[in-house]
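To start, the structure itself, in structure tokens.
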Amino acid sequence: NAGTWVTASAHIITAVVGSGVLSLAWAITQLGWVAGPVTLIIFSLITLFTSTLLADAYRHPDPVTGQRNYTYMDAVRAHLGGLKVRLCGLAQYANLVGVTVGYTITASMCMASVRRKKCLHAEDNCHVSTTIYMIIFGSIQLILCQVPNFHKLSWISILAAVMSITYSFIGLGLSVAKVAAAQLNEGAEATTTWPTVSEAHRLWKVFQAIGNIAFAYAYSTVLIEIQDTLKSSPAENKTMKRASFVGISTTTIFYLLCGCVGYAAFGEDAPGDLLSGFHQPLWLLNVANVSVTIHLIGAYQVFAQPIFSLVESSCRQRWPEVKFVTTDHQITIPFLGGTGFHVNCFRLVWRSAYVIVTTVLAMLLPFFNVFLALIGAASFWPLTVYFPIEMYIARAKLPKFSFSWMGLQALSLACLLVSLVAAAGSVEGLIQSLKVYHPFKN
């Protein structure tokens with residue numbers, strides 16, 4: 001607990017900036033030059049506001065001197081309790097499962113892109129399936145998920161931060177170069193009209209774009225954990241509010257640059273994955289795609305570890321007498337001086353099954369934009385808006401139908417409606433994609 005607002009801001013930027021940034025140019029394209037940036041700014045303001053509410057929930061009952069809550073669910077349990085704790089857990093862990101599936105899709109897509117771009121430079125017709133790369137990614141995760149105390153390896157976060165910054169700046173730099181090559185005018189000629197598609201189709205794409213933007217701001221679930229790294233003087237909630245302002249402001253400026261410059265570079269032909277729209281220079285694109293892959297290999301485990309921990313601890317409590325669940329077996333590695341590690345049969349089977357299931361789900365639904373939008377739509381309202389507002393109302397003891405209570409409930413309701421339309425757009429996009437997709441073939 002020795003962190004400062006500087007370290008907390010860095011953690012926030014690391015948590016927010018991820019593979020979601022690659023879809024922002026496409027999202028801005030669907031919304032247009034005015035509505036796109038405005039939507040980004042609105043989402044950032046909502047996230048900043050609810051983050052300040054959540055910062056006060058770190059301690060209970062007093063935000064300065066109360067007892068610490070070390071996780072998001074601990075905060076909900078302390079402030080709200082009852083059924084809402086279970087609903088929070090359901091939302092959190094469903095989001096974590098969705099993220100691991102989404103990361104499998106994204107990483108395999110980037111690995112396939114390296115092969116595809118090399119192939120395109122060698123021959124005219126080139127078809128590269130992502131299925132084999134999903135199997136490769138899943139195989140890597142099968143090994144990593146058995147590493148003991150993986151969640152305590154701090155260098156994973158540092159590596160992820162470096163990789164995410166690398167591919168984000170490469171995407172931004174290539175977009176700037178493309179705009180400069182087009183004399184800064186061709187992107188500006190892009191409009192928000194699509195003469196070849198119906199108004200209904202255009203509207204569904206707009207809803208899906210909102211989901212993509214929501215996914216880009218999904219970091220509230222780790223805010224309490226970030227706040228737990230801060231020293232207690234000055235008060236953690238004040239430090240966290242300052243860090244949230246700096247981190248979210250910096251991220252929003254970067255998002256606006258990536259989204260708007262990407263739109264300017266490609267116009268209405270902006271790809272769902274920004275990097276896939278470029279073909280030169282090959283080496284730089286390979287660096288970017290490899291960076292995404294490395295980032296997501298570690299990020300998958302970071303998001304999967306809480307799921308592993310929940311299931312394993314629950315099973316140990318429920319079946320303490322079952323040796324298959326509770327007993328660790330010492331395995332010695334030959335030729336390494338007797339070095340060994342502990343293997344738990346239940347952990348081996350359960351974690352392997354989880355990786356296999358998420359890999360198969362990714363194979364069945366390998367749609368980058370649609371899946372990220374669906375995750376963003378499903379998680380934004382409950383985790384970023386609803387629970388922080390409800391915890392603030394409970395802590396402040398706001399009377400029902402007071403001005404503040406009605407204002408907060410109106411904000412929550414508005415965000416719920418936005419999440420619902422974004423989810424509807426994502427589901428519609430998923431349905432349309434499934435009509436032309438043949439699993440394990442294309």
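Residue numbers 1 to 442, in the UniProt record's numbering, belong to the letters of the sequence shown in order.
Note that beta-carbon positions come from the ideal geometry of N, C-alpha and C, so glycine has one too.
Since we're looking at a predicted model, the values are computed, not measured.
So does the region 128-142 actually touch the region 104-119, counting three or more Cβ pairs closer than 8 angstroms?
-> Taking 8 angstroms as the limit for Cβ pairs, the verdict is that the region 104-119 does touch the region 128-142.
For GLY3, three-class secondary structure by DSSP = DSSP, reduced to helix, strand and coil, places GLY3 within a strand of the structure shown.
Report yes if the C-beta distance between ALA411 and SER404 is below 7 angstroms; otherwise report no.
-> As written in the sequence, residue 411 is Leu, which differs from the Ala given in the question. No, these two residues do not count as a Cβ contact at 7 angstroms.
Compare the Cα-Cα distances from THR166 to each of HIS329, ARG351 and LEU275 and report the closest residue.
-> Of the listed residues, the one whose Cα sits closest to THR166 is LEU275.
Endpoints, the beta strand (DSSP E) within which ASP74 is located = ASP74: not part of any beta strand (DSSP E); member of the alpha helix (DSSP H) spanning 72-79, first to last residue.
Taking ARG68 as the reference, give the member of SER291, GLN301 and GLU225 with the closest Cα.
-> Ranking SER291, GLN301 and GLU225 by Cα distance to ARG68 puts GLU225 first.
Inter-stretch contact (C-beta, 8 angstroms, three-pair minimum) for the region 81-90 and the region 344-358 | Counting Cβ pairs under 8 angstroms, fewer than three are found: no touch.
LYS238 versus HIS279 - alpha carbon distance | If I take the Cα positions, the gap works out to 46 angstroms.
Closest by CA to ALA377, which one among ILE105, SER129 and VAL99?
-> Among ILE105, SER129 and VAL99, the Cα nearest to that of ALA377 belongs to VAL99.
Apart from the five residues on each side of it in sequence, which residues of its chain come closer than 6 angstroms, Cβ to Cβ, to GLN30?
-> Result list for GLN30: LYS205, VAL206 and ALA209, in chain order.
C-beta atoms of ILE213 and THR39 nearer than 7 angstroms = Judged by their CB atoms, ILE213 and THR39 are nearer to each other than the 7 angstroms cut-off.
Grab me the residues of ILE389's own chain with a C-beta within less than 6 angstroms of its C-beta, minus the 5 sequence neighbours each way, in chain order.
-> In its chain, beyond the 5 residues on either side, LEU408 and SER412 have a beta carbon closer than 6 angstroms to the beta carbon of ILE389.
Of the residues ILE393, CYS315, GLU321 and LEU374, the one placed nearest ALA94, counting alpha carbons only | Its Cα nearest to that of ALA94, the residue LEU374 stands out among ILE393, CYS315, GLU321 and LEU374.
Going along the chain, which residues of its own chain have a beta-carbon closer than 7 angstroms to the beta-carbon of VAL179, five neighbours each way excluded?
-> Within the same chain, VAL179 has close Cβ partners GLY187, VAL261, ALA264 and ALA265.
Do the region 288-296 and the region 51-65 touch if we need at least three Cβ pairs shorter than 8 angstroms?
-> Three or more Cβ pairs closer than 8 angstroms define a contact, and the region 288-296 falls short of that threshold against the region 51-65.
Counting along the chain, where does the beta strand (DSSP E) carrying GLN330 start and finish?
-> Looking at the DSSP string, the run of the beta strand (DSSP E) that includes GLN330 is 328-332.
Determine the contact status of TYR354 and THR221, defining contact as a CB-CB distance below 7 angstroms.
-> Contact: no.
Starting from ALA209, trace the alpha helix (DSSP H) both ways and give me its first and last residue.
-> Residues 199-216.
Just reading off the alpha helix (DSSP H) that residue 445 is part of, what are its end residues?
-> Outside the displayed range of the chain (1 to 442) lies residue 445, so it cannot be described from this structure.
Mind checking ILE393: buried by the 16 CB within 10 Å criterion, or exposed?
-> The residue in question, ILE393, is buried, as its Cβ has 16 or more Cβ neighbours within 10 Å.
If we count the other Cβ atoms within 10 Å of its Cβ and call it buried at 16 or more, is ALA181 buried or exposed?
-> Flag for ALA181 reads exposed.
From which residue to which residue does the alpha helix (DSSP H) around ALA270 run?
-> Where ALA270 is concerned, there is no enclosing alpha helix (DSSP H), because DSSP gives it neither an H nor an E.
Any heavy atom of the ligand ATP closer than 6 angstroms to the CB of GLU268?
-> For the structure depicted, the ligand ATP is absent and the ligand set is empty, with no information on it obtainable.
Buried versus exposed call for ALA2 [16 or more other C-beta atoms within 10 Å across all chains shown] = Exposed, because fewer than 16 other Cβ atoms sit within 10 Å of the Cβ of ALA2.
For GLN146, the three-state DSSP class (helix, strand or coil) = DSSP places GLN146 in coil when its eight states are reduced to three.
Provide the residue(s) that pair with VAL343 in DSSP beta bridges, ordered along the chain.
-> Answer is HIS329.
For SER9 versus GLY247, is the C-beta distance shorter than 7 angstroms?
-> Their beta carbons are under 7 angstroms apart, which means SER9 touches GLY247 by this criterion.
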